[in-house]
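Written out below as structure tokens is the structure these notes cover.
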Amino acid sequence: MKRVIDIGVLLSRSGMYAALAHASRQGVLQGVTEVNADSRLDVAFRVVERDPEGRLDRYAPLCREILRESEARHIFGCITSASRKEVIPELERYDGVLWYPVPYEGFEASEHVAYMHACPNQHLLPLLDWALPALGKRAYFVGSNYIWGWEIARIARERVAASAGEVLGDRYLAVGDTDVDHIIQEIRVLKPDFVLNSLVGDSSYAFLARLAELKQETGIGNGLTVLSCNFTECEIKSAGGAAEGLVSAGPWFEPDGSYGGSFHEMARQSVHELANLLHGRPRAEMLPLSDLLRSAITSGYTPRLDPTHLHARQPAIIARLADGRFHEIKRLPALRADPYLTRHPQTSSSGSMLKVVS
Amino acid sequence: MTAIRTENLGGATAWILHRPHPSVQGLIRQLGVIGLAVREAWPELPVEAIAADFIFYDADMGHDEQFHWSSGQSPMPMIALIGSEAPGRLRWAMEMGAHAQLLKPMSDKGVYAALLVARSNFDRAKASEALITDLQNRLSARQTIVRAVMIFVMQGKTEAEAYDLLRQTAMAWRVTIETAAERLVANHSNERGTDDGRRIDLA
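Protein chains in written order, with numbering that gives the first Met the number 0: chain V, 0 to 357; chain A, 0 to 202.
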């Protein structure tokens, strides 16, 4: 007989990043279906869902509503860092846990958040370590004008500088802005070796479309590669073919040409991870997350999350989009997250220490 | 260096000067997560804490004698842990040299910011002190130059000739004008001093 446990879902079904939230939501719901059908697990989940509609101000009140009006302590959701930061005070007040299965920029380790996707030492740094020798050292950054775009560019700038590379430009667009002509003009003139694209949603699709035109016009072709840490399979259709050739880094890519990508898969895995942690532990859903992890470790289970900082170990996979699906270029085995980048060596063996200075 | 280097907190050591208490647990956890080595002490900092990269100290029960340096002279950034916001306690915390503060109970919030703010304020204070010392030295050197010039003037040179002579002397001795002036003034004082002494002897 399964125990039925309420879980919250806080994902937007409309608004600027609905495509990403949709992939995440489908992953959660698939995970719930699988857990409920799995007779080896003594838990079943019942979903308590609220829809913030992509509006930042709705996240905190709806999170509070789930925690106050239902038994749910574990909530799956949030796409943007801004919305995650909105709900953390509510999680603290009502002893909740947010399962956050999307990539983020690091520099956070709340005791109430399960960081189930990847942070920069698991996506951005492996991507640049591959790109700088493979593509060249003249970089151009473009991103959405909020913390994801800013922080990714800041970390990338340090990495490029440490490899004796050059950042030719660094441009930001307001979320939703699709006027990219000035950026395309700059790229036409500067001819970087690669563009690191941290735009989200419609801005990203507009940029990729105009860049594809530029490539056709000028025949830049393979000379200009677009890199991303946030572009996944769930956006391929929205980008309408213009993303072909893009190289992305993440913990997971679809093996069979599906369109959920890591947003779907990490959400699904998060639900399974919670089920595994709660299996055989009545009332364990009320425990603080770090206690729950330690109790599971004591009984021989190896959780995905590190009990110290609650970030998942993840492989770093670099893959290129060709013919509408991602193809793996390089794979690093599961890496421990380093959210504050204090453990990651700043330079690789071919870094600036060995630079010829004469 | 204008940007914060993300990696340079790794391997740093932080000492927490606070009695063992649940309110400190969040701080210990977060420092470990960020990548610092954490040491705890109470009621006194051991001598080895002088090599720490950061000190977190209790503003509620702390006092001067816990430290191996005088107020405001810490050789590393200091972060006050504040429970009581009473003006007397806050004054002590500030006089001790808080470069940043955290409010109790400490949680996972604000620790990284406190580290960066404390280090930035510490570095700025150090730079200001170094600049002030340099300016003071230059200021006193300027007075010495004037005195050296006056020595030549008293020997009948014009001011311009005296300054030129000082410059030539410095070149001949292969030292800076400030150093030459210092030596000339010292020699002059010595001669005067000896003269004075002899005069007293002869009197």
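Yeah, the Cβ is synthetic: ideal placement off N, Cα and C, and Gly gets one too.
Rounded to whole angstroms, the separation of the alpha carbons of residue 231 of chain V and residue 208 of chain V is 16 Å. Excluding sequence positions up to five before and after residue 117 of chain V, its CB lies within less than 7 Å of the CB of 102, 249, 250 and 313, all in the same chain and listed in chain order.
Residue 214 of chain V: member of the alpha helix (DSSP H) spanning 200-217, first to last residue. Restricting attention to alpha helix (DSSP H) runs no shorter than 4 residues, the segment 45-122 of chain A encloses them at 86-95, ordered along the chain.
For the segment 277-295 of chain V, there are no residues whose beta carbon sits under 7 Å from a beta carbon of chain A.
Against chain V, a Cβ distance below 8 Å from residue 107 of chain A picks out 108, 109 and 110.
Contact note: residue 342 of chain V reaches chain A through 9 and 34, using a C-beta cutoff of 8 Å and chain order.
With respect to the C-alpha of residue 139 of chain A, the residue from A/177, A/106, A/149 and A/102 having the closest C-alpha is A/177. About 7 Å separates the Cβ atoms of residue 127 of chain V and residue 159 of chain V, confirming a contact at the 8 Å cut-off.
Residue pairing of residue 226 of chain V in beta bridges, as defined by DSSP: V/195 and V/246. For residue 8 of chain V and residue 86 of chain V, the gap between their C-alpha atoms comes out near 13 Å. Put simply, of V/306, V/245, V/319 and V/4 the residue whose alpha carbon is nearest the alpha carbon of residue 111 of chain V is V/306. As the crow flies, the alpha-carbon of residue 237 of chain V is around 19 Å from that of residue 10 of chain V. In the structure shown, residue 113 of chain V adopts extended strand secondary structure according to DSSP, grouped into three states. Between residue 303 of chain V and residue 272 of chain V, the C-beta spacing is below 9 Å. In the pairwise beta carbon analysis, the segment 45-55 of chain V is classified as not touching the segment 272-292 of chain V: fewer than three pairs are separated by under 8 Å. The straight-line gap separating the alpha-carbon atoms of residue 149 of chain V and residue 171 of chain V is approximately 8 Å. Under the 10 Å beta carbon count, residue 192 of chain V is surrounded by 16 or more other beta carbons and is classified as buried. Looking at the backbone, the Cα of residue 190 of chain V and that of residue 226 of chain V are separated by about 15 Å.
Interface criterion met: the Cβ of residue 339 of chain V is under 9 Å from a Cβ in chain A. Closest option to residue 243 of chain V, judged by alpha-carbon separation, among V/138, V/211 and V/84: V/211.
Distance from the CA atom of residue 205 of chain V to the CA atom of residue 179 of chain V, rounded to whole angstroms, is 7 Å. Per DSSP, residue 32 of chain A lies in no beta strand (DSSP E); the unbroken alpha helix (DSSP H) holding it starts and ends at 21-33.
Within 7 Å of the CB of residue 308 of chain V, the CB atoms of chain A belong to 32, in sequence order along the chain. The beta carbon of residue 28 of chain A falls within 9 Å of a beta carbon belonging to chain V, placing the residue at that interface. Within the segment 98-126 of chain A, the residues whose Cβ lies closer than 7 Å to some Cβ of chain V are 107 and 111, listed in chain order. If you draw a 10 Å sphere on the C-beta of residue 240 of chain V, you find fewer than 16 other C-beta atoms in it, and that means exposed. The straight-line gap separating the alpha-carbon atoms of residue 14 of chain V and residue 142 of chain V is approximately 19 Å.
With respect to the 9 Å criterion, residue 165 of chain V and residue 137 of chain V are classified as neighbours on the basis of their beta carbons.
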